[in-house]
Every structure is written in structure tokens, then in C-alpha cells.
Amino acid sequence: MEYKVEAHRIMSISLGKIYNSRVQRGGIKLHKNLLVSLVLRSARQVYLSDYYGGVCVRSPHAGGVEWGEGDQMDSDGSRSTPDEHGGESALVSDDSVRIPEVSVNGPAAAVEGQDIEDLAPGSDYNCQQSPQEDVGSVKTEGSGSAETGGPGSGSEHCVSRSENSQQGSAEVTATCCTRKRGAERSASAGSPVKRPKATAVPALPPVGGEGEGPEDMDTGNVSSLITIFGSSFSGLLSKEGAQPATDSEDSDSGKICCEQMLPNLNPWSTAIVAF
Amino acid sequence: MMPMKYRKVLNLSVGGGNDFQWCFSQVKGAIDEDVAEADIISTVEFNYSGELLATGDKGGRVVIFQREQESKNRPHSRGEYNVYSTFQSHEPEFDYLKSLEIEEKINKIRWLPQQNAAHFLLSTNDKTIKLWKISERDKRAEGYNLKDEDGRLRDPFRITSLRVPVLMPMDLMVEASPRRIFANAHTYHINSISVNSDHETYLSADDLRINLWHLEITDRSFNIVDIKPANMEELTEVITAAECHPHQCNVFVYSSSKGTIRLCDMRAAALCDRHTKFFEEPEDPSSRSFFSEIISSISDVKFSHSGRYMMTRDYLSVKVWDLNMENRPVETYQVHEYLRSKLCSLYENDCIFDKFECCWNGSDGAIMTGSYNNFFRMFDRNSRRDITLEASRESSKPRAMLKPRKVCTGGKRKKDEISVDSLDFNKKILHTAWHPKENVIAVAATNNLYIFQDKIN
């Protein structure tokens with residue numbers, strides 16, 4: 001648990017450093033920002049893995065299917081990393097694979113457990129797809145996945161949880177996908193949900209492993225990160241700050257949102273298939 | 001001329017340990033507690049003979065000290081360094097295209113080997129390298145025909161006779177003039193320059209590229225290393241330092257943020273993206289942390305004078321590599337291992353990004369590097385002894401002892417030891433230089449330059 005707190009703290013600090021680097025005299029220092037982004041990524045991975053390790057215990061619907069799905073996501077994720085750059089096209093398949101699972105998982109599972117857990121590896125990779133996505137994912141995950149980040153992300157978070165992995169991935173990857181979405185998400189609670197979902201689909205790595213794997217995982221497109229931060233960081237910081245406050249509301253709101261969002265699953269799957 | 005207060009204290013104290021006995025010699029720079037950012041020293045370099053010592057600061061100024069000739073009147077006092085020349089090397093610039101300010105901070109100074117009466121050095125900021133000529137003028141021509149002594153032009157019709165101007169002695173004047181400006185070749189921030197052993201070319205390195213220049217030609221350079229990926233999203237490492245081999249003009253090395261060093265041979269290909277040798281020490285998995293990648297980033301690489309070895313500095317250690325063995329260093333020296341448990345705090349206060357330099361002594365028998373709290377460390381490669389010394393005003397008083405310092409890493413703190421938590425991380429020694437022939441060292445502590453000498457001799 002301490003690791004989670006520590007990882008989250010390091011993530012916040014790292015984001016602050018990247019933000020401050022924009023206003024530093026002499027321009028952005030590529031070396032320093034690269035190192036910061038590496039720390040950010042490491043912290044995020046620990047944060048997510050720790051989160052999943054904690055929540056899976058609570059989920060009653062931890063089924064073989066789901067776990068399998070998660071495992072597959074893992075392998076898919078690792079294989080697909082190279083594809084992340086290509087981004088928005090190949091993920092449909094994975095998402096569609098998950099769709100059936102969404103219906104299987106109940107709200108309870110949706111709130112915290114495996115969805116997120118299954119989600120983690122995929123979303124993790126997805127989010128590393130591009131600098132934008134990396135930033136976005138960090139943003140959301142920092143604020144959304146573990147704890148609800150601010151009022152705007154709160155409902156999104158709930159939604160993602162309720163819809164389990166798919167939703168969660170949407171949550172995470174959606175924000176990853178575009179910085180604009182990130183900004184929008186912080187702005188409005190309800191509407192972003194669908195859009196991230198749709199775009200989340202592409203974020204999933206393609207099944208046919210590209211094989212570049214770890215090297216792409218290691219990327220932190222710094223210049224893009226910086227660009228993203230420049231445009232949409234304001235929302236992020238406030239989100240980060242708002243996280244602890246909304247933490248307590250998680251479980252309750254999550255369940256409520258789950259119930260609310262379950263009926264929306266079908267439209268989602270339609271949207272995904274369309275992509 | 002930049003006015004500079006300095007105190008000069010001759011203090012024959014003994015530094016313990018080692019074969020060296022380090023004595024305080026001089027300190028240059030303002031004494032005020034309030035340090036102006038522009039006065040912070042950013043590079044220190046002796047020239048090839050050791051007669052001149054150059055410093056660059058964040059304000060873009062270069063100050064050159066010259067060693068006094070040893071006086072027969074005071075045989076025991078070695079030559080002292082006095083200000084020889086001061087000039088503004090770089091000014092702040094603005095890149096209008098990117099809306100970025102280009103800092104005037106001098107990142108590196110490298111001397112050229114002396115070929116005539118004048119001295120030449122290269123100084124660089126983030127984007128532009130300049131070749132400066134420092135020359136003395138101690139004679140002046142007098143008795144011009146067309147102008148008066150005060151410079152006013154004479155009416156040609158009034159001139160009735162001709163005379164030959166005569167060279168008359170004058171007060172020594174040291175002039176610094178920019179002879180070459182090597183600009184617009186680096187997209188990223190320049191971190192290193194290195195003069196080649198052919199004395200005709202030099203290399204400059206930024207985060208992603210290394211260029212080879214001819215000292216006479218400013219409008220073009222050869223790109224010899226380019227690690228910029230086609231897709232910047234795939235960026236995983238940057239170049240952190242580069243140096244030419246001291247004897248083989250076709251060989252150079254560059255270090256990376258991943259803790260690796262690549263040795264390249266320019267005879268192999270025009271673009272040296274494929275290294276000839278690759279030096280990397282396998283990471284110890286037990287010491288892995290969030291910050292493992294940061295602390296493995298190499299901040300400096302220096303060839304030994306012999307050219308057989310090279311030394312690299314990462315955040316916590318100094319490693320000596322044999323160029324003939326790529327899989328691990330032959331020697332590793334821990335500079336401040338007690339900081340390993342403090343990495344998170346050091347990350348928060350940005351200290352973990354400090355780029356420490358390192359240097360060899362003239363015989364390659366000892367190496368030196370800086371640390372925090374104005375400490376600097378010396379390692380004797382032969383005896384394997386190490387010593388920690390401090391550059392402080394307290395130790396620069398007359399008769400004050402320059403004694404070895406020790407950091408208490410745990411348990412009971414002994415007298416004279418300092419605990420890790422008491423270290424002042426704002427007092428960092430990033431830049432040190434060792435005289436090429438004698439045991440004289442220059443240590444930059446923020447805005448002060450300390451000079452220490454070995455008592456022996």
C-alpha cells in the first residue's frame with residue numbers, strides 16, 4: 001500500500017517537473033525530461049500493478065475468463081507495444097474481445113477488480129502508445145483509475161469501473177489517446193465517456209504481436225509530452241490535487257455509476273464495432 | 001573588465017591520507033553569502049601547460065587566470081594564479097522560431113594546444129561554439145603620419161615630412177577576440193566539445209547528435225553520430241558526453257543516459273552510428289528502484305592521458321574502463337553511496353539531475369570528482385585509498401587544517417563526522433580540474449574557485 005502512495009507521489013512530482021520545464025529558461029531540457037518520463041513510467045507501472053494487486057481480492061466475479069482475458073491482454077500488450085505508435089487502428093480487435101466479458105462482469109467487479117486489473121496491462125501499454133497517450137494515461141490513471149480525480153473524472157471513473165475492463169480501458173486509453181480528450185474530460189463529466197470509449201478501442205494493441213516490444217514501451221516522447229502538457233496540463237494539476245478529496249467517494253459512486261452505465265453497454269459495443 | 005574581489009590566503013595546512021598532502025592555496029570569487037546566478041561557475045579547465053586556468057560561468061563570461069612565474073624570493077610558495085583576462089563570451093539569445101531563450105551559460109571550455117604566442121580556446125553555450133584568441137599586447141606603435149598621438153586625423157596638407165612609426169613599450173594588455181563562430185549546427189543542447197589530437201578538428205555533441213568541425217571552417221560541419229530516432233516517440237536515450245581520443249585522431253567516445261559508452265572509429269564509416277566498441281556494465285537487479293535509470297546516466301567521460309583507459313561518472317560512482325574490455329569497468333569508486341537511500345528526496349529537489357564531472361591527474365594515477373556540501377573526492381588508483389576534502393572558507397583561514405572529511409552513514413556519529421542529513425545539497429562541486437603536470441587542483445564551488453596545491457615539493 002505504501003508503494004502505491006509512494007508511486008503516486010512520485011508521479012505527481014514527475015508531472016510537476018515536466019510542467020515546470022516548459023517555463024524554464026533555456027528551453028526544454030531533453031535529457032532531464034527523458035529521465036523524468038522514465039521515472040514517471042516506472043512509478044505508474046508500480047502504481048497500477050499495486051492497485052490491481054489490491055483490488056482483485058475484492059472482486060467477486062474474478063472468473064477464469066476474466067483472468068484469462070487479462071493474461072491475454074498482458075501478452076497482447078507486450079507484443080503490441082510497437083503498434084501503439086500506429087495507434088488508433090489496431091485495437092478494435094481486443095476491445096471487441098472484451099466486450100462479451102463486460103456483460104459477464106457485474107457491477108461489483110466493475111467497480112474495482114479485475115476489470116481494472118485486466119485493464120492494467122493493456123491500458124498500460126496503450127497509454128504508452130504515444131507521448132500524448134502516455135501523458136493522458138498518466139493523467140487519468142493518476143486521477144481516475146486509482147482514485148477519482150476531481151469531479152469531472154469522477155463519473156468517468158465510475159463509468160469505467162462499472163463497465164469493467166472495456167470501460168476501464170476506455171477510461172484509461174481514451175485519455176491516453178488524445179490530449180484534447182484529456183482536457184475535455186476534466187471539463188465535462190458525462191460526455192467524454194463515450195468518446196474515450198470509442199477511441200479507446202484503437203488503443204488496444206493488436207493481437208498479432210509486433211515484436212518490438214520493450215523498446216517501444218520505453219519510449220516517452222518527451223517533446224510530445226511537453227506539447228500536451230502545455231495545452232492541457234491545467235486540468236491535470238487540479239485533478240491531481242483533487243484526487244485525495246474524492247477518494248472516499250469511490251466505492252459508493254462507483255457502484256452507482258456501474259448500475260447506471262450497464263445499460264449503455266450495448267451502444268458501446270456498437271460503437272466499437274463500427275470502428 | 002569585471003571587477004572581482006578575491007581573497008588570497010597562503011595556508012600551509014596539511015591534508016591527510018594519500019600520498020598527497022593538499023594545502024589550501026587560493027580562493028577566487030565573491031565572499032558574499034548572496035550568490036548571483038550569473039556568477040556560478042559552470043566549467044573549469046587548465047590549458048595544456050597548466051600555465052592558464054579558464055573558468056566559464058552562467059553569465060556567459062570567461063575568466064582566465066595565469067600562473068605567476070615562481071619567484072626566487074619566495075621559493076616555498078608555488079606560483080599563484082592571477083586574473084589574466086576576462087571577457088564576455090556568450091550573450092543570451094532568443095530563438096524567434098521556437099520562442100525559446102538560449103542561455104548564455106558556458107557549458108564547456110576547451111583549450112587548443114599552443115602554436116604561437118597567442119592562446120586559443122573554444123567556449124560553448126547550448127547552441128553556439130566560439131573560438132577565442134587571447135593575445136598579449138605590450139607594445140604600441142607611435143609616431144604615425146596621418147594621425148596624432150591621441151588618434152585625431154591630421155590634415156594631409158599639413159604634413160611636410162614623413163616618419164616611420166616606432167614600437168614603444170606599453171602596459172601589458174590582454175585582448176580576447178572571437179576568431180570563429182560555429183553556429184546553427186545543433187538543434188539540441190550542446191553538452192560537450194573536444195579538440196582532436198590532430199589539432200585541426202574538434203567535435204561537438206548535443207543530446208542526439210555529434211558533429212565534427214574543422215577549426216578553420218565555420219559554415220559547415222560533418223554529422224558523425226545521429227541517434228535521433230525517425231519517430232521521436234521511440235526515443236530512449238540521449239548523448240550525455242563525448243570526447244576525442246588523446247592520441248588517435250580517428251577515435252572518439254560518447255556516453256549515454258542509459259549508462260553506456262560507445263567508442264567509434266571514424267575510419268569505419270562517415271556516419272558512426274554503429275559503434276566499434278560498446279561498454280556497459282550489467283545492472284545489479286537487487287539495487288533496482290524508480291531511480292535506477294537516472295542514476296546510471298553518465299554525466300562525464302574522460303580519457304586518461306595515456307589513452308588506454310577512460311573514466312565515466314554517474315550519479316553515485318566513478319568507473320574506470322579499460323578500452324580493451326567492454327563488459328565491465330576495471331575499477332569502480334563509490335563517491336557518495338550513502339545517498340542511495342535518499343534518491344527520492346534528491347529527485348524531489350532536482351539534485352539527482354546534477355551532472356558531476358571527473359578528472360585524471362597528470363600521471364593517471366589518481367582521479368577526482370565532486371560531491372555535495374562542497375566536498376570533493378580523490379581516489380588513488382594505485383593504493384586504492386580515497387580521501388574526502390572540503391572546499392570551504394573555514395579551511396581557507398590562515399593555519400586552518402585542511403583535513404579529511406567523513407560522512408557518517410549510520411549509527412553513532414563520531415566527532416568531526418557529518419551526518420548525511422546535515423549535508424548541504426545546495427553546495428555542490430560539479431566542476432574540478434587537475435593541472436596536467438603538477439599536483440595543483442582547481443575546484444569550483446558555486447561562485448568560488450578554490451585552488452589547492454600539494455605540499456610536497
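As given, the protein sequences belong to chains V and W, one line each in that order.
In terms of UniProt numbering, the first sequence is residues 1 to 275.
In terms of UniProt numbering, the second sequence is residues 1 to 457.
No residue lacks a Cβ here, since even glycine has one placed at the ideal position from N, Cα and C.
Open item on the list: Just to confirm before moving on: does the CB-CB distance between Met173 (chain W) and Glu142 (chain W) stay below 9 Å?
Closed with: no
TODO: Compute the beta-carbon to beta-carbon distance between Phe353 (chain W) and Ile429 (chain W), rounded to the nearest angstrom, for a pair I have assumed lies under 8 Å.
DONE: So it is not a contact: roughly 16 Å between Cβ atoms.
Open item on the list: Cβ closer than 9 Å: which chain V residues qualify as neighbours of Phe356 (chain W)?
Closed with: Ordered by position in chain V, no residue passes the 9 Å Cβ test against Phe356 (chain W), which lies about 14 Å from the chain.
Task: Residue-level contact to chain W via CB, Ile10 (chain V), 9 Å cutoff - done: yes
Task: Residue span of the beta strand (DSSP E) that contains Arg22 (chain V), given as start and end - done: Looking at the DSSP string, Arg22 (chain V) is not in any beta strand (DSSP E); the run it does join, the alpha helix (DSSP H), is 2-23.
- [ ] Determine the contact status of Ala268 (chain W) and Ser221 (chain W), defining contact as a CB-CB distance below 9 Å.
- [x] no
- [ ] Starting from Ala117 (chain W), follow its DSSP beta bridges and name the residues at the other end.
- [x] BP columns for Ala117 (chain W) are empty, so no partner.
Open item on the list: Report the CB separation of Ile451 (chain W) from Tyr84 (chain W) in whole angstroms; it is logged as a contact under 8 Å.
Closed with: Contact flag wrong, Cβ pair sits at about 14 Å.
Open item on the list: Using only CA atoms, which one of W:Ile193, W:Ser197, W:Met325 lies nearest to Ala205 (chain W)?
Closed with: W:Ile193
- [ ] Taking 8 Å as the threshold, find out whether the stretch 142-154 of chain W comes into contact with the stretch 197-215 of chain W through three or more Cβ pairs.
- [x] no
Open item on the list: Going by DSSP in three states, Gln69 (chain W) sits in which element: helix, strand or coil?
Closed with: coil
Task: Nearest-angstrom Cβ-Cβ length linking Phe427 (chain W) and Thr409 (chain W), presumed shorter than 8 Å - done: Note that residue 427 (chain W) is Lys in the sequence shown, not Phe. Actually they do not touch by this definition, with Cβ atoms about 19 Å apart.
Open item on the list: According to DSSP, is Pro178 (chain W) part of a helix, a strand, or is it coil?
Closed with: strand
Open item on the list: I want to see whether chain V comes within less than 9 Å of Gly60 (chain W), judged by CB atoms only; does it?
Closed with: no
TODO: Work out the CA separation of Pro165 (chain W) and Cys359 (chain W) for me, nearest whole Å.
DONE: 49 Å
Task: Pro246 (chain W) and Gly307 (chain W) closer than 9 Å at C-beta - done: yes
Open item on the list: Is there a Cβ of chain W sitting closer than 9 Å to that of Glu6 (chain V), yes or no?
Closed with: yes
Open item on the list: Alpha carbons only, please: which of W:Glu37, W:Arg262, W:Phe425, W:Lys414 is nearest the one belonging to Ile210 (chain W)?
Closed with: W:Arg262
Task: For Tyr47 (chain V), the three-state DSSP class (helix, strand or coil) - done: helix
Open item on the list: Cutting at 6 Å between CB atoms, please list the residues of its own chain near Lys133 (chain W), excluding the five before and the five after it.
Closed with: Ala118, Phe120, Ser177, Arg179
Open item on the list: At the level of alpha carbons, what is the spacing between Glu417 (chain W) and Tyr309 (chain W)?
Closed with: 34 Å
Task: Neighbourhood of Glu331 (chain W) by C-beta, 6 Å cutoff - its chain only, sequence neighbours within 5 removed - done: Val320
Open item on the list: Between the alpha carbons of Val440 (chain W) and Ile41 (chain W), how many angstroms are there, rounded?
Closed with: 19 Å
TODO: Verify the CB distance criterion: does His90 (chain W) have a CB-CB separation below 9 Å to chain V?
DONE: no
TODO: Run through the stretch 253-307 of chain W for me and flag every whole alpha helix (DSSP H) of 4 or more residues, listed as ranges in chain order.
DONE: 292-296
Open item on the list: Quick check on the DSSP output: the beta strand (DSSP E) that includes Cys358 (chain W) runs from which residue to which?
Closed with: 358-360
TODO: For Val39 (chain V), return the contacting residues in chain W, with the cut-off set at a CB-CB distance below 8 Å.
DONE: Phe290, Phe291, Glu293, Ile294, Tyr347
Open item on the list: Rounded to whole angstroms, what is the Cα-Cα separation between Ser103 (chain V) and Ser42 (chain V)?
Closed with: Note that Ser103 (chain V) has pLDDT 38, beneath the 50 cutoff, so the model's placement of it is unreliable and no number is given.
- [ ] Enumerate in chain order the residues of its own chain whose CB-to-CB distance from Phe278 (chain W) is below 7 Å, with the five nearest sequence positions on each side excluded.
- [x] Thr260, Arg262, Glu326
- [ ] Using the Cα positions of Ser25 (chain W) and Thr236 (chain W), report the straight-line distance between them to the nearest angstrom.
- [x] 45 Å
Open item on the list: My output table needs one value for Ser186 (chain V): the three-state DSSP class, helix, strand or coil.
Closed with: Low local confidence applies: a pLDDT of 38 at Ser186 (chain V) is under 50, so the model's placement there is unreliable, and no value is given.
Open item on the list: Does any residue of chain W have a CB that is nearer than 9 Å to the CB of Leu15 (chain V)?
Closed with: no
Task: Contact list for the stretch 215-248 of chain W against chain V, Cβ threshold 8 Å - done: Asn231, Met232, Glu233, Glu234, Leu235, Thr236, Glu237, Val238, Thr240
Open item on the list: I'd like to know whether the C-beta of Asn191 (chain W) is nearer than 9 Å to at least one C-beta of chain V.
Closed with: yes
TODO: Identify which residue in W:Val44, W:Phe20, W:Lys455, W:Asn448 has its Cα closest to the Cα of Asp34 (chain W).
DONE: W:Asn448
Open item on the list: For Thr128 (chain W), which residues in the same chain have their Cβ closer than 6 Å to its Cβ, ignoring the five residues on either side in sequence?
Closed with: Ala183
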